[in-house]
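Counting from 36, one number per residue, gives the positions in the sequence shown under this note's numbering.
Beneath this line is the structure, given in structure tokens, with notes to follow.
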Amino acid sequence: MKRLADFAIFVAVVKAGTISEASKTLDLSIASVSKYVTRIEQEMGVRLLVRSSRGLKLTDEGRDLYEHVDRLLNELDTVVTKVSRTSLHPQGVLRITSSIGLARRQIAPLVSEFAAQYPDLSVQLTFGDREPDTSSERVDVAIVIGRPQDSSLVAKRILRNPCVPCASPAYLEHHPAPHDPEDLKEHDCLVLDCPGSFKDLWVLEDDTGKRQSVRVKGGLIADNSETLRQWALEGRGIAMESLWDIQEPLKSGELVRLLPRYRAPDLDFYVVYAGRELIPAKTRAFVAFIEDRAEHLQEAG
């Protein structure tokens with residue numbers, strides 16, 4: 036950076052025509068400006084400027100250096116201006132990852148709406164029910180189940196996510212419905228194994244606040260909620276599902292809510308991004324957009 040500053044002063048001297056005029060432009064003393072130019076000449080071992088009573092004259096070496104450095108400084112200024120604009124106006128590529136079920140039904144339409152507001156921004160949406168690595172996967176924003184444990188990330192809740200056990204009528208034709216959480220041990224349970232999920236340890240709370248923890252078992256395990264939901268619809272077992280995810284099957288009778296006096300702890304959805312002080316405009320804009328649409332998400336669920 037020190038060498039860059041010296042070259043910038045050299046270019047300013049050439050454009051000003053005299054060291055005294057350059058000192059006014061740079062707000063430096065004449066002695067300081069002269070010292071910078073002399074230092075460059077000494078370090079390079081070549082005379083760059085010929086000083087006379089009529090002003091300054093570039094040597095051949097000085098002219099060659101000036102033309103190259105002036106072009107490089109202009110290119111640098113262009114890059115710096117472009118990068119600085121990204122902190123003010125959303126542009127470039129915004130990479131978003133979201134839980135599969137939520138992304139397909141609720142996040143994808145909102146991403147489309149958001150992208151339409153920012154024509155200079157490209158938005159890449161990927162689906163996944165695993166914890167994103169915001170460094171190695173180059174994810175700008177993630178929408179995940181549960182608050183992440185990484186304290187370096189900023190997490191804001193956007194959707195409450197109550198969960199209940201459910202099964203299809205086809206499954207219940209051959210298996211008596213459980214009346215107590217302990218009864219789940221005798222059933223084929225569908226396990227969601229992803230970050231933030233209950234996995235095979237289901238915690239259920241009754242209307243008095245009493246909690247029971249049950250270690251369930253079953254032959255089917257999935258790492259995404261959509262697969263689990265499909266298995267439940269096919270009658271393969273009992274699933275612990277998000278209410279927002281099964282509202283339509285519950286209304287149509289394709290799924291039946293079990294243990295109605297009980298409910299599991301909420302597995303809320305959070306919008307997550309790296310906790311940097313200088314957050315890109317594209318990230319700020321999307322987080323603000325999703326927070327503004329949080330009420331819509333809750334109603335849609």
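Built from N, CA and C at the ideal position, the CB exists for glycine as well.
Taking D228 as the reference, which of I180, P197, Q77 has the closest Cα?
I180
Tell me which same chain residues have a C-beta within less than 7 Å of the C-beta of L236, skipping the five on either side of it?
S248, R250
Please name the residue or residues paired with A299 in a DSSP beta bridge.
C198
What residues are listed by DSSP as bridge partners for M79?
For M79, which the question treats as bridged, DSSP gives no partner whatsoever.
Check the C-beta distance from S232 over to S134 and give it rounded, since I have them as a contact under 8 Å.
Going by Cβ atoms, the distance from S232 to S134 rounds to 10 Å, so no, they are not a contact pair.
Distance, D185 Cα to H124 Cα
28 Å
Excluding the 5 residues preceding and the 5 following V81 in the sequence, name in chain order all residues of the same chain whose CB lies nearer than 6 Å to its CB.
E96
I'd like to know whether the C-beta atoms of F149 and F321 end up nearer to each other than 8 Å.
yes
Could you tell me whether the stretch 290-300 touches the stretch 193-201, using the rule of 3 or more Cβ pairs below 8 Å?
yes
CB contact flag (C201, L290, <8 Å):
yes
Contact check, R182 vs Y305, beta carbons under 8 Å
yes
Does DSSP classify A40 as helix, strand or coil?
helix
Where does P5 land, buried or exposed, given buried means 16+ other C-beta within 10 angstroms?
Residue 5 falls outside the range modelled here, since the chain spans only 36 to 336, and no answer is possible.
For the structure I just gave you, are there three or more beta carbon pairs, one from the stretch 278-285 and one from the stretch 151-161, closer than 8 Å?
no
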